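For the sequence shown, this note's numbering begins at 392 and goes up steadily by one.
We put the CB at the ideal spot given by N, CA and C, even for glycine.
All values reported here derive from a predicted model rather than from experimental measurement.
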Amino acid sequence: MTKQDDAGYDLDRYRKLLAEAVDETKRLELIDIVIKEGARDKLETQRTSDRLAMTAATVARVLGPLGSSR
Numbered sequence: 392m393t394k395q396d397d398a399g400y401d402l403d404r405y406r407k408l409l410a411e412a413v414d415e416t417k418r419l420e421l422i423d424i425v426i427k428e429g430a431r432d433k434l435e436t437q438r439t440s441d442r443l444a445m446t447a448a449t450v451a452r453v454l455g456p457l458g459s460s461r
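Structural data, given as structure tokens:
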């Protein structure tokens, strides 16, 4: 099992890739992986935020204004 921090990064995997990045091509591949995975994580965070906002809007619409009697 590998260690992961709160952002979901696989630290052991990145350490291994960094150790293997002994030439320019491998270093560029590592940079590309980190960028792509970071972008994927940010997109997933945005999607989660959007879903929560839509859920809150739906709940507010169903419940109506607070304090109104039905």
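Below 8 Å on the Cβ atoms is my guess for residue i versus residue j; work out the distance and round it to an integer in Å.
i    : j    : result
L421 : L402 : Not really, about 14 Å apart at Cβ, beyond 8 Å.
Cβ atoms of residue j and residue i: under 7 Å apart, would you say?
i    : j    : result
A412 : R418 : yes
Secondary structure at residue i, three-state DSSP: helix, strand or coil?
i    : result
A430 : helix
L408 : helix
D414 : coil
L419 : helix
L457 : coil
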